[in-house]
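Okay, so the sequence shown: first residue is -1 according to my numbering, each after it adds one.
Each residue gets a CB set at the ideal place from its N, CA and C atoms; glycine is no exception.
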Amino acid sequence: MSQFKCLQDVANYFNSEDKCRSFLEKMRWSDGRIICSICGVRDAYRMADGKRYKCKDMDCRATFTVTVGTYMENTKLPLQKWLMAMYLLSAHKKGISSYQLARDLGIRQKAGWFLLMRLRQMFKDNGMTMLSGRIAADEHYVGGKWSNMTKKKRAKLVASGKDNKVAIMGILERQGDAKLVMIGKDSLKDVIRKHVSTDAYINTDEHNGYKGLDREFADRDSVNHSQGQFVKGDVHTNSVEGIFSLFSRMIFGIYHQVSEKHLQQYCTEFTYRFNSRKIKDVDRFVKVFNNLNGRLTYKQLIERK
């Protein structure tokens, strides 16, 4: 597996459902002790068919498969296609659209979209790693141009009072990791509090929403973009602007348009790929399995907020 260099290598390695199940078993239970996906007891055994497991706990005695309790649970797709899709999404520098994935795997576009959405859940930083050191933070707005909209859509936006733009924040360690986060109803300072360590030195622009951060963190300094000031000694947010440029290329070049409801998932995808940019594709692929456990149904995905 360490020699994966292309999709064909992935397909050749995971050439049977048994091989896929064996791999997932190692990813979930690396010490060889099977944990019950129902009750959590570390005491289950493989059944005679080799595909199912049974909990030994007398109060449980549940029967389950290696995908129960994961984003793959109840999937109708072969496990090989899951693993191939995971490799494609993690390896492609700008991601892959559901239409392209459907063509590559021989599945329907709708199935490809649902598959990609579940994979993005596995890209999350569930440990909520706090960024530290010298930090640059800035805002960016995602949304279509008025000139590209139909009259009907423009009229609908005018009536609703919305401007068709969604704010996201980029937070970047100098020469380190980054996070892209939808701001939503949070204030700018709220977002920074959630994702930045209090010992950090923060660089921002002149936005009033950042005022007071110097009292909560090691220090905060700013540049005044409105007056044409973009660099002040070692203080700047240019690196974050570079992140936004890469993100925009991903959105407009691959996905073309995304809804506000699902925008954070695309931010998560970009963040994962950016933060693992220095490792090999195969290592980035394997790292995804740290977040294998979880569940997202199609009903949950499409329901209105």
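For Ala46, the closest of Asp55, Asp57, Arg40, Thr61 by C-alpha to C-alpha distance is Thr61.
Taking 9 Å as the cut-off, the beta carbon of Met115 is found no closer than this to the beta carbon of Leu244. The Cβ-Cβ distance between Arg293 and Gly67 falls below 9 Å.
Here the segment 31 to 38 does not lie against the segment 75 to 88, with fewer than 3 beta-carbon pairs under 8 Å apart. Ala83 is not a Cβ neighbour of Leu129, given a cutoff of 9 Å. Residues Met128, Ser130 of the same chain have their beta carbon placed closer than 6 Å to that of Ser195, with the five preceding and five following residues left out of the count.
A direct Cα-Cα distance of roughly 21 Å separates Ile181 from Asn222. Going by C-alpha positions, Gln255 is about 44 Å away from Arg31. At least 9 Å separates the beta-carbon of Phe21 from that of Val280. At the C-beta level, Gly168 and Phe242 come within 9 Å of one another.
C-alpha of Ala198 to C-alpha of Ile133: approximately 7 Å in a straight line. In this structure Tyr69 is buried. Its beta-carbon is surrounded by 16 or more other beta-carbon atoms within 10 angstroms. A direct Cα-Cα distance of roughly 11 Å separates Asn206 from Ser220. Per DSSP, reduced to three states, the secondary structure at Cys18 is helical.
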